[in-house]
Each structure stands twice: as structure tokens, then as C-alpha cells.
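*Asks:* Read top to bottom, the protein sequences are chains A and B. Residue numbering for the first sequence follows UniProt numbering, starting at 1 and increasing by one per position. Residue numbering for the second sequence follows UniProt numbering, starting at 1 and increasing by one per position.
There are 2 protein chains.
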Amino acid sequence: MHIQIYDTTLRDGAQGEGVSFSLEDKILIARRLDELGFDYIEGGYPLSNPKDAEFFQRLAAEPLKRSKLCAFGMTRRRGMKPADDPGMKCLLDARTPVVTIVGKTSDFHATEILGVSLEENLAMISETVAYLVSEGREVIYDAEHFFDTWKSNPKYAAETIRAAAKAGASLIVMCDTNGGTLPEEIERVTKEASVTVNVPLGIHCHNDCELAVANSLAAVDAGAVQVQGTVNGLGERCGNVDLISVMGNLALKKKGYEVLAGDDVQHLTELSRYVYEVANMNFRNGQPFVGASAFAHKGGMHVHAVAKAAHSYEHIDPAAVGNERRILVSELSGRSNIIALATKHNLAQDKELMTRVLDEIVDRENRGYQYEAAEASFELLVRQLAGDFHPHFKLDRYRVSVGSQSNETVTEATVKLAIGDDVFLEVAEGDGPVNALDAALRGALVKRFPSVATMHLSDYKVRVINGEAGTAARVRVIIESQDDEDSWTTVGVHENVIEASWGALVDSIEYKLCKDDGGK
Amino acid sequence: MHIQIYDTTLRDGAQGEGVSFSLEDKILIARRLDELGFDYIEGGYPLSNPKDAEFFQRLAAEPLKRSKLCAFGMTRRRGMKPADDPGMKCLLDARTPVVTIVGKTSDFHATEILGVSLEENLAMISETVAYLVSEGREVIYDAEHFFDTWKSNPKYAAETIRAAAKAGASLIVMCDTNGGTLPEEIERVTKEASVTVNVPLGIHCHNDCELAVANSLAAVDAGAVQVQGTVNGLGERCGNVDLISVMGNLALKKKGYEVLAGDDVQHLTELSRYVYEVANMNFRNGQPFVGASAFAHKGGMHVHAVAKAAHSYEHIDPAAVGNERRILVSELSGRSNIIALATKHNLAQDKELMTRVLDEIVDRENRGYQYEAAEASFELLVRQLAGDFHPHFKLDRYRVSVGSQSNETVTEATVKLAIGDDVFLEVAEGDGPVNALDAALRGALVKRFPSVATMHLSDYKVRVINGEAGTAARVRVIIESQDDEDSWTTVGVHENVIEASWGALVDSIEYKLCKDDGGK
Numbered sequence: 001m002h003i004q005i006y007d008t009t010l011r012d013g014a015q016g017e018g019v020s021f022s023l024e025d026k027i028l029i030a031r032r033l034d035e036l037g038f039d040y041i042e043g044g045y046p047l048s049n050p051k052d053a054e055f056f057q058r059l060a061a062e063p064l065k066r067s068k069l070c071a072f073g074m075t076r077r078r079g080m081k082p083a084d085d086p087g088m089k090c091l092l093d094a095r096t097p098v099v100t101i102v103g104k105t106s107d108f109h110a111t112e113i114l115g116v117s118l119e120e121n122l123a124m125i126s127e128t129v130a131y132l133v134s135e136g137r138e139v140i141y142d143a144e145h146f147f148d149t150w151k152s153n154p155k156y157a158a159e160t161i162r163a164a165a166k167a168g169a170s171l172i173v174m175c176d177t178n179g180g181t182l183p184e185e186i187e188r189v190t191k192e193a194s195v196t197v198n199v200p201l202g203i204h205c206h207n208d209c210e211l212a213v214a215n216s217l218a219a220v221d222a223g224a225v226q227v228q229g230t231v232n233g234l235g236e237r238c239g240n241v242d243l244i245s246v247m248g249n250l251a252l253k254k255k256g257y258e259v260l261a262g263d264d265v266q267h268l269t270e271l272s273r274y275v276y277e278v279a280n281m282n283f284r285n286g287q288p289f290v291g292a293s294a295f296a297h298k299g300g301m302h303v304h305a306v307a308k309a310a311h312s313y314e315h316i317d318p319a320a321v322g323n324e325r326r327i328l329v330s331e332l333s334g335r336s337n338i339i340a341l342a343t344k345h346n347l348a349q350d351k352e353l354m355t356r357v358l359d360e361i362v363d364r365e366n367r368g369y370q371y372e373a374a375e376a377s378f379e380l381l382v383r384q385l386a387g388d389f390h391p392h393f394k395l396d397r398y399r400v401s402v403g404s405q406s407n408e409t410v411t412e413a414t415v416k417l418a419i420g421d422d423v424f425l426e427v428a429e430g431d432g433p434v435n436a437l438d439a440a441l442r443g444a445l446v447k448r449f450p451s452v453a454t455m456h457l458s459d460y461k462v463r464v465i466n467g468e469a470g471t472a473a474r475v476r477v478i479i480e481s482q483d484d485e486d487s488w489t490t491v492g493v494h495e496n497v498i499e500a501s502w503g504a505l506v507d508s509i510e511y512k513l514c515k516d517d518g519g520k
Numbered sequence: 001m002h003i004q005i006y007d008t009t010l011r012d013g014a015q016g017e018g019v020s021f022s023l024e025d026k027i028l029i030a031r032r033l034d035e036l037g038f039d040y041i042e043g044g045y046p047l048s049n050p051k052d053a054e055f056f057q058r059l060a061a062e063p064l065k066r067s068k069l070c071a072f073g074m075t076r077r078r079g080m081k082p083a084d085d086p087g088m089k090c091l092l093d094a095r096t097p098v099v100t101i102v103g104k105t106s107d108f109h110a111t112e113i114l115g116v117s118l119e120e121n122l123a124m125i126s127e128t129v130a131y132l133v134s135e136g137r138e139v140i141y142d143a144e145h146f147f148d149t150w151k152s153n154p155k156y157a158a159e160t161i162r163a164a165a166k167a168g169a170s171l172i173v174m175c176d177t178n179g180g181t182l183p184e185e186i187e188r189v190t191k192e193a194s195v196t197v198n199v200p201l202g203i204h205c206h207n208d209c210e211l212a213v214a215n216s217l218a219a220v221d222a223g224a225v226q227v228q229g230t231v232n233g234l235g236e237r238c239g240n241v242d243l244i245s246v247m248g249n250l251a252l253k254k255k256g257y258e259v260l261a262g263d264d265v266q267h268l269t270e271l272s273r274y275v276y277e278v279a280n281m282n283f284r285n286g287q288p289f290v291g292a293s294a295f296a297h298k299g300g301m302h303v304h305a306v307a308k309a310a311h312s313y314e315h316i317d318p319a320a321v322g323n324e325r326r327i328l329v330s331e332l333s334g335r336s337n338i339i340a341l342a343t344k345h346n347l348a349q350d351k352e353l354m355t356r357v358l359d360e361i362v363d364r365e366n367r368g369y370q371y372e373a374a375e376a377s378f379e380l381l382v383r384q385l386a387g388d389f390h391p392h393f394k395l396d397r398y399r400v401s402v403g404s405q406s407n408e409t410v411t412e413a414t415v416k417l418a419i420g421d422d423v424f425l426e427v428a429e430g431d432g433p434v435n436a437l438d439a440a441l442r443g444a445l446v447k448r449f450p451s452v453a454t455m456h457l458s459d460y461k462v463r464v465i466n467g468e469a470g471t472a473a474r475v476r477v478i479i480e481s482q483d484d485e486d487s488w489t490t491v492g493v494h495e496n497v498i499e500a501s502w503g504a505l506v507d508s509i510e511y512k513l514c515k516d517d518g519g520k
């Protein structure tokens with residue numbers, strides 16, 4: 001059975017803390033969802049802001065190809081004909097095939113928050129739906145606080161959805177607005193609602209109890225034909241249900257359901273990362289199905305088993321959602337992790353090199369290196385051991401100093417290095433010692449390698465490895481860098497945090513220069 | 001009904017990508033879980049590394065008060081008596097009241113991965129459990145790949161848990177090792193398993209389908225009495241089930257269950273953040289129940305309604321889990337923790353001081369300070385605001401430099417400070433800039449305050465707060481110090497890591513001096 005996927009990333013998702021889409025962002029995401037064949041895409045709330053109104057004009061001029069576009073709004077204002085309500089006008093001006101209307105299911109919210117009588121609330125639902133239908137729109141009705149009200153006042157809850165159904169809504173969406181409903185309640189209420197109205201049901205869940213995916217699946221099993229949610233679970237508080245997980249489960253885990261056009265779930269990983277990119281948010285590594293860690297194996301026993309039979313510790317083939325297996329190198333792992341990583345980098349053929357790599361990694365891990373989050377350093381190390389690494393520059397010396405007096409802090413770094421036969425001495429100030437060193441190092445290098453100007457450090461992490469020796473302990477620095485195309489991570493370890501940072505910094509820049517040489 | 005909470009943050013959680021606990025980290029977390037009354041705490045896998053073995057020795061010397069400590073291991077090696085297996089010796093040497101043994105449920109894993117016959121696998125389970133029971137241990141049996149095997153070969157799966165039960169295991173834990181099982185399958189299999197053995201059942205879920213919480217609750221509803229998981233859902237791939245969400249649901253949402261000692265769920269937010277801090281990981285804002293956004297309201301309609309009636313868009317009272325409502329967009333976190341902390345320090349009586357403290361903390365949190373894991377800095381700040389702080393020394397200036405040439409790194413710090421009317425100028429070398437500064441500072445102070453010689457820094461953590469600016473971002477440094485009697489933690493924040501470290505260092509030494517004065 002085909003389950004409709006209704007995306008509200010651009011409307012409810014944008015309510016999430018730290019989420020803010022520009023008009024162009026919204027259009028990019030809508031086009032991408034359309035390419036993947038999402039059934040419905042809710043584009044925004046045209047009455048609430050001009051950006052959303054403009055979005056609909058842009059899409060009216062160049063419509064979506066596969067998905068139905070929805071404009072979102074509320075029931076008409078109290079004591080007013082729909083035709084006179086500016087909200088209705090905005091919705092019609094959006095020129096979408098579908099309009100989604102949210103209404104009050106809760107008697108408490110109708111009378112106490114909105115301040116209208118229970119009868120007027122029913123009239124608002126009914127007249128709004130009927131008006132939009134008469135204007136040629138497909139109308140989806142979102143029943144706010146549906147489950148909470150079904151538990152406290154089932155009679156009135158039923159009246160509200162009957163009003164919407166009778167007025168011509170094509171679908172009634174049961175909203176778990178506060179995210180507090182449990183799967184067994186979702187199942188029971190969905191079954192009861194499905195015999196209350198003669199219109200198909202949809203489900204709209206929030207993740208406040210970490211049950212949004214289970215709740216959406218429970219509603220589908222109980223008869224709902226549409227799931228509303230957002231890509232990556234963006235949304236207010238703990239987020240809306242993550243449609244990625246919903247689709248992964250419906251298409252690959254549960255029996256008898258289909259989403260999108262079947263094979264399109266192979267693009268879920270790409271979609272997830274695309275939306276994070278456009279929203280300028282960090283990936284969530286542990287995200288089910290599509291996270292960078294979702295098929296990453298660290299424990300030695302697991303790695304050993306996965307090498308023998310991939311399904312040993314994987315519930316699906318990572319490729320089914322466009323993801324990939326990763327083997328992490330770490331203190332917990334046996335040699336099998338390193339072998340797997342080396343195989344990925346096509347090292348396994350050269351047995352003798354492989355042994356050297358293994359020995360070196362084991363030795364370095366004992367000294368505190370960690371390559372699981374530093375594949376760029378790993379690659380440089382392997383090239384070095386293979387005799388295939390030619391450093392672009394040679395450090396003579398560096399020096400960095402930090403001094404503080406009367407609340408003023410001054411940081412200065414000098415770097416002296418050689419590129420071929422030419423010697424460069426560079427000085428720079430910075431906000432901190434690593435920033436100053438980075439500036440001095442790149443200041444020297446950019447004269448010969450202009451492309452280092454296009455990269456920058458995007459994250460910097462420090463970890464004391466054996467904490468018991470206090471500040472004299474060994475320190476591991478992880479640096480993440482990026483240019484216009486890629487991001488990469490490098491590692492440095494030393495007793496001295498500056499020296500450890502320097503190691504990671506040099507690896508990062510060498511990796512960039514190798515990359516630009518076309519060296520793999 | 002009381003549901004047992006079994007924490008494996010320190011073992012299975014440590015398998016998570018980017019998770020790496022020092023010995024001290026592990027002890028801190030175990031003590032905190034013990035304070036909250038977790039039923040079982042799995043401390044590690046003593047055979048796998050010396051750090052875990054050392055952890056158990058430390059806890060044997062000073063045992064937990066409320067929780068039962070568990071050592072984790074595998075069934076005995078093939079063709080060997082348990083008494084001859086070095087793994088068993090390690091487990092007994094750990095001197096824990098409980099031993100948790102994982103064994104193969106899967107016929108495939110027994111024969112193809114482990115390479116033993118199906119009969120030998122049963123003997124390995126049975127003899128291992130019986131041996132540890134005969135040595136006076138409570139034995140919990142973890143049945144790996146339990147659900148997958150129950151679906152593919154229910155007869156053999158049943159034989160494995162019967163072998164464990166018959167040999168004296170006190171509890172059989174059904175593991176969804178690959179995280180691919182659906183709630184309806186968990187429910188069915190749990191019911192079937194509960195009539196197969198006469199021993200109580202536990203559940204151990206992973207979150208690969210974003211269903212770990214629903215799965216754990218489904219098992220409890222079907223009769224499981226123990227839930228295994230980790231704080232914040234740390235763990236391999238997509239993580240283990242998050243015990244925070246499990247406990248929130250069992251204690252506050254579902255009927256008829258109790259966890260911990262009832263009221264202890266009020267500390268879940270504090271616990272969650274504490275574990276993130278110790279693990280040096282960022283909080284997850286959208287985390288159910290305890291995330292900083294979990295009760296944050298952004299949509300205008302929601303804010304309006306929440307102002308009228310708090311429960312409008314909240315499924316529980318945030319205070320029930322120690323969290324708080326946030327209306328305006330702000331970076332503030334953990335006000336309730338501040339209040340709790342202030343109450344702990346007997347500040348709550350002085351309303352006016354309390355207000356000043358709150359205002360100052362809010363301001364400092366906006367700048368990146370965090371006092372949840374830095375109580376010594378908090379105490380100094382409060383004393384300062386109460387006019388009850390008299391610094392023991394006054395810094396004139398410091399300077400630290402790091403230089404590297406021909407593989408030799410030289411670090412030198414100078415500190416000039418005044419104690420009363422006397423001025424001290426001191427120089428020291430060190431393994432790193434903070435180590436050198438610490439040495440110079442204490443070198444000056446020890447002349448007047450000999451007791452500073454009895455303290456040392458025991459841990460040092462650095463976190464970039466707004467990572468996107470790379471090395472120029474703001475940096476938070478947390479320093480843990482100890483003397484013969486206590487350990488305490490201080491915080492410093494600055495764009496410059498050296499200046500941030502200096503702030504934490506000075507707080508640490510002032511705290512020590514105040515403490516020795518008998519100052520509270």
C-alpha cells in the first residue's frame with residue numbers, strides 16, 4: 001500500500017530553534033523534495049510573512065513536477081464570512097492545488113485561548129473548509145491537539161472532524177501537537193477516529209517523548225494513509241517526526257507499505273545532508289539510517305564479524321538508503337578495524353605495506369592518536385609509509401607567545417619555513433595561539449600556493465588523553481577544515497597543546513595541497 | 001511496579017563514535033549514577049583493557065552505595081573449562097556483586113563467526129553462568145541477536161536462554177543487537193520468551209530505526225522488568241536506547257511503573273548535562289525531556305497560548321525532569337540547575353543576593369560560561385557577589401611562549417604578581433603552556449602559601465563554543481584539581497585558549513586557598 005508522505009520542513013520545521021530559511025533556501029528544498037516524489041510539500045503560511053507569500057508566487061510561476069504544493073493557514077476568524085477573511089485571500093492568492101487548514105479540536109483551546117464558543121469553533125472549521133473547496137482547492141484538515149482532546153472530550157473532538165469531513169476535506173490529519181501521546185494511545189484513537197469519519201486519516205507527530213516515529217508507524221498500522229513530518233526531524237521543541245526514519249521503516253522494514261516511488265529511498269542520505277547544508281546546520285552523526293555513524297563499527301568483535309558477514313551488525317544494507325559502512329579505528333578495536341580501513345583505501349593488495357601501516361597505527365594509537373575522526377591524517381600517513389608523500393614545505397621553526405597585562409591579551413606567532421630553496425619568515429597576530437600560528441603559516445604558504453586562501457578551519461577540539469597527569473598529560477587535537485568543495489579532519493598528539501595543534505594544522509594544509517595537486 | 005534501570009554508558013556507550021572516557025571520567029559518572037539510585041551500573045569489560053580493570057579495583061576499594069556494580073564479559077572460550085579461562089579470572093578479579101555475560105543466540109554467529117558447534121555454544125553459555133554463580137556472583141545473561149534469531153531459528157534461540165536460566169542466571173536480557181526490530185515484534189517475542197524461561201526478562205535496544213524507546217517500552221508492557229541503555233543514548237552506530245527518555249516515559253507518562261526512587265527523575269536534566277560535560281560532548285538541544293529546546297516555544301501562537309496556560313503546548317511540567325520552559329529565543333540553559341545549585345549553597349534565603357547571582361549567571365552563560373560542571377567557580381562567584389571574597393593575590397602580568405625547532409619544543413612562562421605589598425616574579429618551564437603557567441603561578445604563591453604544593457591539576461578540558469569561526473571562536477576551559485582531601489572544578493572562557501585556561505587556573509588556586517582558610 002502506498003503511504004503518502006507530506007513534508008512540512010518549510011513550515012513546521014522552520015519553527016525549530018536555530019532554523020531559519022531564506023526564500024532561496026525554501027525553493028531549493030522544495031525542488032529537491034519534488035525530484036524525489038514527495039506526495040505533498042507544505043511551503044509555508046502565506047499570511048504570516050511576505051517571504052512565504054513570495055515563495056508561493058515563485059512556485060506558481062514555475063510549478064512543481066511530481067509533488068502537490070500546499071499552503072498552510074488557520075480557520076477563518078470569528079464572526080466573519082470566509083470570503084471576507086484576509087487569511088483566506090492569502091491562501092487563495094498562493095494558487096496552490098492544496099490548502100491545509102489547522103483548526104481547534106480542543107474545547108479548552110477554543111473557549112479559553114481563542115475565546116470562541118464551541119459552536120462557533122465548529123462553524124469556523126466547517127465554513128472554512130467548504131469555502132476553500134468551493135474555490136477549487138483540495139483541502140487537508142489538521143486537527144490540532146487531536147489525541148489529547150480525544151482522551152479528555154471525545155465527543156467534541158469527534159464533532160470537529162465530522163464538521164471538516166462533511167464540509168469536503170479530502171483528509172483529516174490527527175495531530176499530536178504536544179508530542180505527549182504514547183503508541184498504544186495513537187493506535188486506539190486512530191481506530192476509533194477511522195469509524196467516526198468517512199474520510200482518510202493522516203498523522204502528524206512531534207518527538208517530545210522520543211516516540212514520534214513509533215507513533216507515526218502505529219497510526220499507519222491502524223489505518224492512516226498519510227504521514228506528516230520534516231526532513232531530519234526539524235521542528236519546534238524536540239522536533240517533528242523525522243520523515244527520513246519514517247520512510248526508512250515503511251519502505252525497508254515493515255511489510256506491505258510503499259513510499260515515494262519505491263527506489264527513491266536510496267537518496268535519503270543525500271537528501272538529509274542536502275537539507276542540513278541548505279539550513280546551515282551540522283549533521284547529526286548518530287541519526288538513524290542516514291547518519292555518518294549509522295553504519296560505523298568500532299568494537300573489535302563487531303568489526304571482525306562484519307568483515308565475515310556484513311549483516312552481522314547491520315539491520316539493513318547501508319546502500320539501500322544511500323549510506324555507507326565505515327570502520328572506525330580506535331583503542332577498542334582489534335586489528336580488524338585497521339585492515340578494513342586500509343582495504344577501503346586500496347592498500348590490502350600490498351601485504352608488506354599493509355603490515356607497516358598496521359604497526360605504525362598501533363604504535364600511534366598507543367601514543368594517543370585516533371584516526372576514526374581524522375581520515376585525512378590517516379591518508380597522509382599511509383602515503384608517507386608508501387613512499388608516496390612529498391611534503392610541500394619544510395618547517396624550520398615556529399614560536400608563539402601569549403602575554404596578558406591589565407586585561408589586554410596579546411598573541412603573536414612567527415613561522416620560518418622553506419619551500420624548495422626559498423625561505424619564508426612570517427609573523428601574525430591572532431585571537432589565540434592556534435589562530436595566530438594558522439595565520440602565520442598560511443601567510444607564508446599563500447605566496448607560493450594561492451589555494452590555501454580558499455580553506456579555513458571549521459572546528460577545533462582538544463582532549464586530554466590521560467587525564468591523571470593534569471596539564472602535563474598528553475593532548476589530542478582534532479581540526480576540521482573546509483574549502484569550497486570538501487571538509488576533512490586531521491589529528492595531532494603531543495604533551496604540549498600547541499605542538500599537538502601544530503601537527504594537526506600542518507596535516508590539514510598538506511592534505512589540502514595534495515588534494516589540489518590531484519594526488520589521491 | 002518498579003522497573004530496573006541498568007546503565008551501560010561506561011561500556012556499550014563508550015563504543016560510540018567520538019566517545020572516549022578516561023578512568024577518572026568513568027569513576028565520576030559511576031558515582032553520579034549511584035547517587036541517583038540506578039539499579040545496576042555496568043562499569044566495563046575488564047578483559048578488554050587495563051583501564052577498565054583498574055576502574056574495578058578503584059571501586060572495590062570504595063564501593064558504590066545504592067547501585068549494584070556489574071563487570072561485563074563474554075562466555076568462556078571454546079574447549080576450555082571456565083576456571084582456566086583468563087576472561088573468567090578477569091571478571092572475578094573485578095570483585096563486583098554482579099557479572100553480565102553476553103552469549104551467542106544466533107546459530108549463524110556461533111558456527112560462522114565464532115566457529116563453534118551449536119552444542120559447544122550451549123555448553124559455553126551454561127558452564128560460564130554456572131561457574132560464576134558458584135563463585136558467588138549474581139549473573140545477568142545478555143542474549144545477543146536475540147530478536148533476529150527468534151525470528152529465524154526460534155528453537156535454538158530458546159535453547160540458549162534455557163541453558164542460561166538453568167545454569168542460574170538471575171535475569172535474561174533480550175538484545176536487539178542490530179537495532180532493526182519493530183515494536184510489534186518486540187512485544188510478540190517478549191511474550192513468547194517469558195513463557196520459555198522461568199527467569200525475569202530484561203531488554204537491551206539500539207536506535208537504528210529510531211524505535212529504541214518504543215521498543216524498550218513495548219518489552220516492559222509485555223513483561224520485561226529491566227531496561228538496559230545509556231545516558232543520552234551514547235553508543236555504537238545510532239546509539240543505545242536513551243535511558244533519559246525511557247525513564248521519563250516510565251515515570252511520568254505511562255501508568256503503573258516506577259523507576260529509581262520515584263522523585264529522582266527530577267535530576268534527569270542535570271544528569272544528562274553532567275554526562276555530556278564529562279564526556280566533553282555538546283548537548284543535543286532537541287533531546288526529548290532534557291534538551292535545552294525541549295520546552296522552548298518559538299511560534300507566536302504557541303507562546304501566546306503557553307502564557308495563558310502552560311500545558312497548552314507542553315506534554316509534562318518541565319520541572320518534573322529538572323528542565324525549564326523557555327519563551328524567548330535565548331542561549332540560556334539550565335536556570336533550574338542554577339537555582340538548585342544556589343539552594344544547595346544556602347543562597348535561597350537571601351532573595352536579593354539570589355537575584356544578583358541569577359542575573360550574573362545568565363549574563364555569563366550568554367558569554368559561554370557553564371557552571372554545572374564547575375561548582376568551585378560558582379562558589380567563588382557567589383562569594384564575590386556577596387562581598388565575601390578577598391583575593392589572596394593580584395596578578396600584574398603573565399607571559400607564556402612556545403617555540404619549536406629541530407623537533408625540540410621549549411615552553412616557558414613568567415608570572416608577576418603581588419601578595420599584599422610584596423611583588424613576586426617567577427619563571428617556569430612546562431610540558432605545555434598551561435602546565436608552565438601553572439608551575440610559574442604556584443612557584444610564586446608557594447613562598448607565602450605552602451599548601452598550594454599539596455594540590456595538582458587532575459584534568460583539563462577544552463571546548464570550542466561556537467565552532468563555526470574555527471580557531472578564532474570562543475573557548476571554554478574546564479580544569480579539575482585535587483588535593484589530599486577533595487577535588488574541585490573551575491571554568492574559564494575567552495577567545496584565547498591561554499587566557500581561558502588562566503581564568504580557570506586562578507579560580508582553582510583561589511578556591512584551594514579559601515578552602516584552607518576555612519572559608520566556605
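Note that beta-carbon positions come from the ideal geometry of N, C-alpha and C, so glycine has one too. No experiment lies behind these values; they were computed from the predicted model shown.
Is A296 (chain B) helix, strand or coil by DSSP?
*Replies:* Counted from its first residue, the second sequence places residue 296 (chain B) at position 296. Reduced to three states, the DSSP call for A296 (chain B) is strand.
*Asks:* Please check the pair F55 (chain A) and G44 (chain A), which I expect to be a contact at CB under 8 Å, by giving their CB distance rounded to whole angstroms.
*Replies:* Here residue 55 (chain A) corresponds to residue number 55 of the first sequence, with the count starting at 1. Here residue 44 (chain A) corresponds to residue number 44 of the first sequence, with the count starting at 1. Confirmed, about 6 Å.
*Asks:* Could you tell me the alpha carbon to alpha carbon distance between residue 523 (chain A) and A374 (chain A), rounded to whole angstroms?
*Replies:* Any question about residue 523 (chain A) goes unanswered here, given that chain A covers just 1 to 520.
*Asks:* Using a cut-off of 7 Å between C-beta atoms, extract the partners of E499 (chain B) located in chain C.
*Replies:* The chain inventory of the structure shown lacks chain C, comprising the protein chains A and B.
*Asks:* Hey, does Q228 (chain A) have any beta-carbon neighbour from chain B nearer than 8 Å?
*Replies:* Sequence index remark: in the first sequence, residue 228 (chain A) carries index 228 (1-based). Answer no: the Cβ-Cβ gap between Q228 (chain A) and chain B never drops below 8 Å.
*Asks:* Report back the beta-carbon spacing between E495 (chain B) and V475 (chain B) to the nearest angstrom; my notes put them in contact at under 8 Å.
*Replies:* As a position in the second sequence, residue 495 (chain B) is number 495, starting the count at 1. As a position in the second sequence, residue 475 (chain B) is number 475, starting the count at 1. Yes, E495 (chain B) and V475 (chain B) are in contact; Cβ-Cβ is about 7 Å, under 8 Å.
*Asks:* Using a cut-off of 8 Å between C-beta atoms, extract the partners of D7 (chain A) located in chain B.
*Replies:* In the first sequence, residue 7 (chain A) corresponds to position 7, counting from 1. The contacting residues do not exist; D7 (chain A) stays about 17 Å from chain B at best.
*Asks:* Which residue marks the beginning of the beta strand (DSSP E) containing F424 (chain A), and which one marks its end?
*Replies:* As a working mapping, residue 424 (chain A) is identified with position 424 in the first sequence. Residues D422 to E429.
*Asks:* If we define contact as Cβ-Cβ less than 8 Å, is R356 (chain A) a contact residue for chain B?
*Replies:* On the first sequence, residue 356 (chain A) is found 356 positions in, with the first residue counted as 1. It does not; no Cβ of chain B falls within 8 Å.
*Asks:* Specify the secondary structure class of Y460 (chain B) as computed by DSSP and reduced to three states.
*Replies:* Start at 1 with the first residue of the second sequence, and residue 460 (chain B) comes out as number 460. Reduced to three states, the DSSP call for Y460 (chain B) is strand.
*Asks:* By the 10 Å Cβ neighbour count, where 16 or more other Cβ atoms means buried, how is T355 (chain B) classified, buried or exposed?
*Replies:* As a first step, residue 355 (chain B) must be located in the second sequence, where it is residue number 355. Under this definition T355 (chain B) is an exposed residue.
*Asks:* Starting from A413 (chain B), trace the beta strand (DSSP E) both ways and give me its first and last residue.
*Replies:* As a first step, residue 413 (chain B) is located in the second sequence; it is residue number 413 there, counting from the start. Where A413 (chain B) is concerned, the enclosing beta strand (DSSP E) stretches over E408 to I419.
*Asks:* Which bits of chain A does R399 (chain B) rub up against, with CB to CB less than 8 Å?
*Replies:* Position 399 of the second sequence, counted from the start, is the residue given in the question as residue 399 (chain B). Within 8 Å Cβ-Cβ: S401, V402, G403 and S404.
*Asks:* Tell me which residues share the same chain as E135 (chain B) and place their Cβ nearer than 7 Å to its Cβ, disregarding the 5 neighbours each side in the sequence.
*Replies:* For the purposes of this step, residue 135 (chain B) is identified with residue 135 of the second sequence, where counting begins at 1. Closer than 7 Å at Cβ, skipping near neighbours: L92.
*Asks:* With a cut-off of 8 Å, do at least 3 Cβ pairs link the segment 490-509 of chain A to the segment 12-21 of chain B?
*Replies:* With the cut-off at 8 Å, the segment 490-509 of chain A and the segment 12-21 of chain B do not touch.
*Asks:* With 8 Å set as the bound, which would you pick, yes or no: does the beta-carbon of S431 (chain B) sit closer than that to a beta-carbon of chain A?
*Replies:* The residue given as residue 431 (chain B) occupies position 431 in the second sequence. For the record, residue 431 (chain B) in the displayed sequence is Asp; it is not Ser. Judged by the 8 Å Cβ criterion, D431 (chain B) is in contact with chain A.
*Asks:* Based on DSSP bridge pairs, tell me the residues matched to F72 (chain A).
*Replies:* Within the first sequence, residue 72 (chain A) is the residue found at index 72, counting from 1. A:T100, per the DSSP bridge assignment.
*Asks:* From this set, B:E144, B:I5, B:A222 and B:A169, which residue's C-alpha is nearest V195 (chain B)'s C-alpha?
*Replies:* Locating residue 195 (chain B) in the second sequence gives position 195, counting from the first residue. It is B:A222.
*Asks:* Relative to the C-alpha of K104 (chain B), which residue among B:T96, B:D484, B:S126 and B:T269 is closest?
*Replies:* Within the second sequence, the letter at position 104 stands for residue 104 (chain B). Residue B:S126 is the option with its Cα nearest to K104 (chain B).
*Asks:* When you compare the segment 416-436 of chain A with the segment 413-420 of chain B, are there three or more beta-carbon pairs, one atom per stretch, that lie closer than 8 Å?
*Replies:* Verdict: no, contact absent.
*Asks:* List, in order along the chain, the chain A residues whose C-beta lies closer than 7 Å to that of N178 (chain B)?
*Replies:* Looking up residue 178 (chain B) in the second sequence gives position 178. Simply Y313, E314 and H315.
*Asks:* Under DSSP, the beta strand (DSSP E) around R78 (chain A) begins and ends at which residues?
*Replies:* Along the first sequence, read from residue 1 onward, the residue named residue 78 (chain A) stands at position 78. Neither: R78 (chain A) is in no beta strand (DSSP E) and is coded neither H nor E.
*Asks:* Kindly list, in the order they appear in chain A, the residues whose Cβ is closer than 8 Å to that of I113 (chain B).
*Replies:* Position 113 of the second sequence, counted from the first residue, corresponds to residue 113 (chain B). Here the neighbours are H304, A305, K308, A309 and S312.
*Asks:* With 8 Å as the limit, tell me which residues of the segment 234-252 of chain B have their beta carbon closer than that to any beta carbon of chain A; keep them in chain order.
*Replies:* Those residues of the segment 234-252 of chain B that come within reach of chain A (Cβ to Cβ, closer than 8 Å) are E236, R237, C238, G239, D242, S245, G248 and N249.
*Asks:* Checking contacts by CB at 8 Å: is N323 (chain B) closer than that to chain A?
*Replies:* On the second sequence, position 323 is the one that residue 323 (chain B) refers to. Judged by the 8 Å Cβ criterion, N323 (chain B) is not in contact with chain A.
*Asks:* Roughly how many whole angstroms lie between the Cα atoms of A71 (chain A) and G322 (chain A)?
*Replies:* For the purposes of this step, residue 71 (chain A) is taken as the residue at position 71 of the first sequence. For the purposes of this step, residue 322 (chain A) is taken as the residue at position 322 of the first sequence. Straight-line Cα distance between these residues: approximately 31 Å.
*Asks:* Using a threshold of 8 Å, state whether the C-beta atoms of I498 (chain B) and P433 (chain B) are closer than that.
*Replies:* Locating residue 498 (chain B) in the second sequence gives position 498, where the first residue counts as 1. Locating residue 433 (chain B) in the second sequence gives position 433, where the first residue counts as 1. Going by C-beta atoms, I498 (chain B) is nearer than 8 Å to P433 (chain B).
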